[in-house]
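Asker:
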Ligand SMILES: [Zn+2]
Ligand SMILES: [Zn+2]
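Residue numbers (our numbering): 19 to 378.
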């Protein structure tokens, strides 16, 4: 029997593998895969179902203005009992909320920390998805400090033609005209540069001024629900206000910028004569917080767990978490996590436990 040349064997194997793949993906298996994706997307599964009563915090965006396909712009979902709030809606965060099976129709309000684009670039998409998902009859409420009206009016105007098309196409029953767009809930800071914006028997939400100058105002938020608590720093340099508001809090979601890694980026841009980017890398280091400083704040405040979001620079691998954190772990006695999109932190009422679930 004649032996086939080795090259011919490889060709036959390659063609067979290709034929197998075509057969698999054009047949029943492909249909089953598509069906599963559709089922998942269409599911009305509510992450609140099956969860114990308490405070549940989901990371729907842990990125920053720096392009990063793995991390949406800043977004934190806070489920207090059955009330769902979104703190900041960065670019891509509405899609991440969907991947986390959070029904946008359930969003009660968005709370903006400040008006940098990375914190509100996904607001239009979120408003649109909530409107359709809930057939909402009132606009999406957006709480924020002075300046929120301008943002809300601008995004509502930008989407107005889209909204006209949808009403004409799907009808008032599906997309009631009263539910289109956004509505601003502007608040002023009270005594001590803080103000309570939601005060119900079981839930209190407090806004407090942080230090992100020259960006003013910029705020963080504290949620208290049935004895459990979370603080979200928003963008800030190391802030005494964050430390004050985080006193004995269960969970501190803090922004983080690694000065060492950003300095490396600055020199990289400078080497390639990209002077504008190099300058930005130098500038941003003075209005964010290093992981080490955030860890010291958490330690002094007696925080139970510290989680980083707004990760600068983007980390292409979890193996770089250690480089990002630097000495932070030595400065805080509790657990530290570099957040990723899809993380959930559950704080059941009447307990002191914090359960972590990562579903990327
Ligand atoms: Zn900012
Ligand atoms: Zn930011």
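Glycine included, C-beta positions come from ideal geometry on N, C-alpha and C.
The alpha helix (DSSP H) that contains residue 295, what's its start and end?
Answerer: Run containing residue 295: 293–301, per the alpha helix (DSSP H) assignment.
Asker: Who's in the neighbourhood of ligand 1, going by beta-carbon under 5 Å from any heavy atom, listed in chain order?
Answerer: Checking every Cβ against the heavy atoms of ligand 1 under 5 Å gives 134 and 253.
Asker: Taking 8 Å as the cut-off, is the C-beta of residue 229 nearer than that to any heavy atom in ligand 2?
Answerer: It does not: the Cβ of residue 229 is nowhere closer than 8 Å to a heavy atom of ligand 2.
Asker: Express the C-alpha separation of residue 223 and residue 217 in angstroms, rounding to a whole number.
Answerer: Approximately 7 Å between the Cα atoms of the pair.
Asker: Output the boundary residues of the alpha helix (DSSP H) element that contains residue 333.
Answerer: Careful: residue 333 lies outside any alpha helix (DSSP H) and carries neither H nor E.
Asker: To test your reading of the DSSP string, which unbroken alpha helix (DSSP H) runs of 4 or more residues are found completely within the region 97–121?
Answerer: Here the runs fully enclosed are 111–117.
Asker: Who are the near neighbours of residue 229 in its chain, counting only those whose CB is closer than 6 Å to its CB and skipping five residues on each side?
Answerer: These residues qualify, in order along the chain: 254, 255 and 257.
Asker: Report buried or exposed for residue 335, applying the criterion of at least 16 other Cβ atoms within 10 angstroms of its Cβ.
Answerer: That one is exposed.
Asker: Can you give the beta carbon distance from residue 185 to residue 141, rounded, assuming they're within the 8 Å contact cut?
Answerer: Going by Cβ atoms, the distance from residue 185 to residue 141 rounds to 20 Å, so no, they are not a contact pair.
Asker: Can you find the residues in the same chain that come closer than 8 Å, C-beta to C-beta, to residue 287, ignoring five residues on each side of it along the sequence?
Answerer: Counting only Cβ-Cβ distances below 8 Å, and skipping sequence neighbours, we find 293, 295, 296 and 299.
Asker: To the nearest angstrom, how far is the alpha carbon of residue 99 from that of residue 71?
Answerer: For residue 99 and residue 71, the distance between alpha carbons rounds to 5 Å.
Asker: Within the chosen definition, does the region 149–158 reach the region 195–206 through at least 3 CB pairs nearer than 8 Å?
Answerer: Result yes; three or more Cβ-Cβ pairs closer than 8 Å.
Asker: Please report how far the alpha carbon of residue 367 lies from the alpha carbon of residue 291, in whole angstroms.
Answerer: Cα to Cα, the separation comes out at about 54 Å.
Asker: Assuming residue 204 contacts residue 164 (C-beta within less than 8 Å), just tell me the rounded distance between them.
Answerer: Correct: roughly 6 Å between the Cβ atoms.
Asker: Regarding residue 82 and ligand 2, is the C-beta to nearest heavy atom distance less than 8 Å?
Answerer: For ligand 2, at least one heavy atom lies less than 8 Å from the Cβ of residue 82.
Asker: Shorter than 8 Å, the distance from the beta carbon of residue 273 to the closest heavy atom of ligand 2, or not?
Answerer: Under cutoff, so the answer is yes.
Asker: Decide if residue 243 is buried, meaning its Cβ has at least 16 other Cβ atoms within 10 Å, or exposed.
Answerer: Counting Cβ neighbours within 10 Å, residue 243 comes out buried, since at least 16 surround it.
Asker: With a threshold of 16 other CB atoms inside 10 Å of the CB of residue 337, please say whether the residue is buried or exposed.
Answerer: Counting Cβ neighbours within 10 Å, residue 337 comes out exposed, since fewer than 16 surround it.
Asker: So residue 325 and residue 357 are in contact, right, with Cβ under 8 Å, and what is the actual spacing, rounded?
Answerer: Contact holds; Cβ gap of about 5 Å.
Asker: Thinking C-alpha only, which one of 25, 27, 33 and 75 is nearest residue 239?
Answerer: Ranking 25, 27, 33 and 75 by Cα distance to residue 239 puts 75 first.
Asker: Is any heavy atom in ligand 2 found nearer than 8 Å to the beta carbon of residue 137?
Answerer: Within the cutoff, so yes.
Asker: Does DSSP put residue 340 in a helix, a strand or coil?
Answerer: Three-state DSSP puts residue 340 in a helix.
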